[in-house]
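Undergrad: Residue numbers (my numbering), protein chains in the order written: chain G, 1 to 235; chain V, 236 to 491.
By construction, the Cβ of each residue, glycine as well, lies at the ideal position given by its N, Cα and C atoms.
Being a predicted model, the structure only gives us computed values, none of them experimental.
Next up is a structure, given as structure tokens.
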Amino acid sequence: MKIELNQLSHTYDVEVLHNLELILTEYNAVALIGMSGSGKSTLIRLMAGLERPTSGTLKINDYDVTNDPEYKKHVGFVFQSHNLFPHLTLKRNITLVLEKTRNIPLEEAEMIAEANLRLLKLEDQMDKLPKNVSGGQAQRASIARALSVNPDVIFLDEPTSSLDPILTDEVLIAIQELRELGKDFVLVTHVMSFVKKFANYVVFMQEGNIVEKGTPEILDHPETPELKDFMSKVH
Amino acid sequence: MNKSDNPNPLTALLQNKIVAYALAFATILAFITFVILRQTGSFSLAVYDPYVALIRNGLLNTIIVSTVALVSSLVIGFIFYLMSISKIQYFRAFTEVFTEIIYGTPLLVLIVISAFVIGPAFNSLDRNTMGYIGLITYMTPYMKNVYKSAISSISEEQYLAMDLFGFTPYQKYRYIIIPQVIRVLMPPMMNNFSQIVKGSALLNVIAYDELFYSIRVAQSQNFAFIEGYMLVWVLYLVITIPLSQLTRTIERRWSL
């Protein structure tokens with residue numbers, strides 16, 4: 001995956017990202033880590049094209065994220081809470097997207113939905129509403145939904161932060177298995193043990209800046225005092 | 236001691252759901268019967284036989300006025316909702332001031348002012364219409380709130396997801412927003428309907444021949460006041476209780 005951030009800044013009421021610069025070309029599983037409020041969630045949202053940056057440019061796999069409407073068709077996004085449409089069954093959550101936004105005939109859409117739900121081990125839950133499945137199952141269904149549009153890049157924004165430890169494991173195992181699919185991943189998470197297993201590049205952020213970056217070894221051998229401090233707190 | 240192990244058969248009986256509800260109902264019925272018997276030795280609804288047509292007409296009018304008020308306040312309430320989120324500050328200010336005034340006004344006062352003060356000022360409008368308008372006006376801010384809570388029940392994140400997948404605005408409303416809004420909207424809307432039915436009884440003060448007024452007309456001729464009040468009470472319950480039961484069913488089935 002190619003990631004290119006150039007002078008990237010973002011402001012809500014105050015500036016939350018300050019002139020970020022990052023060029024990556026050869027990693028397919030990038031983890032963004034940092035304290036709450038470090039800007040990592042904002043950054044992943046900008047990278048996925050959910051929000052427009054206040055200034056600077058942002059390219060993912062040569063798409064100009066901010067200006068190319070084609071880009072969104074090639075990304076999947078998994079939110080902190082499952083964010084399924086609550087009035088639709090797990091399966092319909094997927095088929096509606098495929099049918100209406102990808103112009104796939106319903107029958108084919110159902111096959112794709114079933115295949116993806118099966119991949120996430122939800123074959124018995126397909127016809128249930130999100131409220132009638134566990135948080136972990138709902139989150140896995142939302143991963144299935146993100147996969148079903150056949151994205152090149154899958155963004156996962158703290159996909160387990162709303163789950164208890166057992167469900168967290170369940171979802172993380174599912175995500176780990178997705179590595180086999182050969183897609184690109186950008187992940188925000190607080191679970192450092194998972195970052196070490198899953199990611200091949202880590203970006204550590206603090207107060208809207210990229211403070212340290214590198215392969216996951218930096219987690220065990222941090223160079224900056226900030227990352228050292230962070231690692232001592234999360235352990 | 237564990238509750239379920241309680242050996243006392245009386246306690247066990249009171250714990251039974253059907254028995255509990257039957258007893259609760261019987262308690263209230265017993266009280267009413269006691270009160271009636273204190274007032275009259277010969278409670279008989281037969282004196283209302285000649286007025287069946289009159290009362291049926293009143294009942295029908297109550298249902299009609301309530302339905303009209305419901306539909307109208309749904310429409311006007313929506314316009315009101317749109318005004319309350321408008322970019323134009325005057326609209327937002329207007330809905331806020333209006334809501335505050337209506338919240339502070341008893342329905343009875345609103346009906347009387349509507350029919351006897353505002354109506355005559357525009358002398359083309361008759362009293363009954365003004366009564367309707369009073370009732371509709373009263374419900375408008377409540378309906379606005381129903382819309383507000385229903386629409387705000389769709390999270391920001393859902394909109395982000397819709398954008399990301401690339402739904403068109405029409406598709407968003409048709410497949411995602413409206414189906415959810417209707418589910419959330421139904422129960423409070425039905426509660427408002429019940430409120431309208433009950434509130435419509437106050438239209439009797441402007442001599443609109445709804446249910447309560449019909450009973451008063453009958454009472455003025457047969458002097459069977461106790462029977463009349465009991466009858467009108469039961470007839471309102473006949474409308475409102477099924478309505479609230481239906482509301483609960485919808486709430487249960489449709490909740491998200």
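1) Between the beta-carbon of I346/V and the beta-carbon of L438/V, is there less than 8 Å?
2) Could you check where the alpha helix (DSSP H) with L119/G kicks off and where it finishes?
3) Express the C-alpha separation of R140/G and G174/G in angstroms, rounding to a whole number.
4) Using the Cβ count rule (16 or more neighbours within 10 Å means buried), how would you classify K197/G?
5) With a threshold of 8 Å between beta-carbons, can L399/V be considered close to chain G, or not?
6) Pick from Y367/V, L343/V, S277/V: whose alpha carbon is nearest that of V303/V?
7) Between K2/G and T57/G, what straight-line distance do the alpha-carbon atoms span, to the nearest angstrom?
8) Looking at C-alpha atoms only, which residue of Y12/G, M35/G, H74/G is the closest neighbour of E51/G?
9) Using the Cα positions of V203/G and Y316/V, report the straight-line distance between them to the nearest angstrom.
10) Opposite T57/G in the DSSP bridges: which residues?
11) Quick one: is F236/G near chain V, going by C-beta distance under 8 Å?
12) Under the rule that 16 or more other beta-carbon atoms within 10 Å means buried, what is S390/V, buried or exposed?
13) Give a yes or no on whether 8 Å exceeds the smallest Cβ distance from L470/V to chain G.
14) Have a look at N251/V and L478/V and give me their C-alpha separation to the nearest angstrom.
15) Ignore the nearest five residues each way along the sequence and tell me which others in E226/G's own chain have a CB closer than 6 Å to its CB.
16) With 9 Å as the limit, tell me which residues of the stretch 50 to 83 of chain G have their beta carbon closer than that to any beta carbon of chain V; keep them in chain order.
17) Buried or exposed for Q7/G, going by 16 or more other Cβ atoms inside 10 Å?
18) Are the C-beta atoms of T101/G and some chain V residue less than 8 Å apart?
19) Exposed or buried, K238/V, counting other C-beta atoms within 10 Å across all chains shown (16 or more means buried)?
20) Report the CB separation of G312/V from V381/V in whole angstroms; it is logged as a contact under 8 Å.
21) Is D124/G closer than 8 Å to T89/G when the C-beta atoms are compared?
22) Check T297/V in the structure and name its three-state DSSP category.
23) Starting from the beta carbon of E392/V, find every residue of chain G whose beta carbon is closer than 9 Å, and list them in chain order.
24) Which residue from Y471/V, I474/V, R451/V puts its Cα closest to that of G227/V?
25) Quick one: using the 10 Å Cβ neighbour count with 16 as the cut-off for buried, is R92/G buried or exposed?
26) May I have the straight-line CA-CA distance separating R418/V from W489/V, to the nearest angstrom?
27) Among the residues of its own chain, which have a CB less than 8 Å from the CB of F402/V, if the five just before and after it don't count?
28) Check each candidate in I60/G, E15/G, G214/G, E26/G and name the one with the smallest Cα separation from S38/G.
29) For S435/V, which residues from the same chain have a beta carbon less than 6 Å from its beta carbon, with the 5 sequence-adjacent residues on both sides left out?
30) Which chain G residues are close to I411/V, counting only those with a beta carbon under 7 Å from its beta carbon?
31) By the criterion of Cβ-Cβ separation under 7 Å, what are the contact partners of P414/V in chain G?
32) Quick check: is any heavy atom of the ligand GDP less than 7 Å from the C-beta of I413/V?
33) Please state the DSSP three-state secondary structure of K213/G.
34) G34/G by DSSP, collapsed to three states: which one?
35) Report the rounded CA-to-CA distance for I348/V versus I267/V, giving the unit in angstroms.
36) If we define contact as Cβ-Cβ less than 8 Å, is K183/G a contact residue for chain V?
TA: According to the data block:
1) yes
2) 106 to 119
3) Before going further, note that residue 174/G is Ala rather than Gly in the sequence given. Answer to the nearest angstrom: the Cα atoms are 7 Å apart.
4) exposed
5) yes
6) Y367/V
7) 14 Å
8) Y12/G
9) 45 Å
10) N6/G
11) Only positions 1 to 235 of chain G appear in this structure, which leaves residue 236/G out of reach.
12) Burial call: exposed.
13) no
14) 26 Å
15) Once the five neighbours on either side are set aside, the close Cβ partners of E226/G are Q206, V211.
16) L50, E51, P69, K72, K73, V75, G76, F77, F79, Q80, S81, N83
17) Result: exposed.
18) It does: the Cβ of T101/G has a partner Cβ on chain V nearer than 8 Å.
19) Only weak support is given to the placement of K238/V: the predicted model assigns it a pLDDT of 49, under 50, and the value that follows is read from those uncertain coordinates. It counts as exposed.
20) 7 Å
21) With contacts defined by Cβ atoms closer than 8 Å, T89/G and D124/G do not form a contacting pair.
22) helix
23) F79, Q80, S81, N83
24) Examination of residue 227/V is not possible in this model, given that chain V is present from 236 through 491 alone.
25) R92/G should be labelled buried.
26) 6 Å
27) Y410, I411
28) Taking only the C-alpha atoms, the option nearest S38/G is E15/G.
29) T297, V300, S301, E445
30) F85
31) Neighbours of P414/V on chain G, chain order: H87.
32) Only the bare structure without any ligand can be found here, which leaves the ligand GDP out of the picture.
33) DSSP, reduced to helix, strand and coil, places K213/G within a strand of the structure shown.
34) strand
35) 35 Å
36) no
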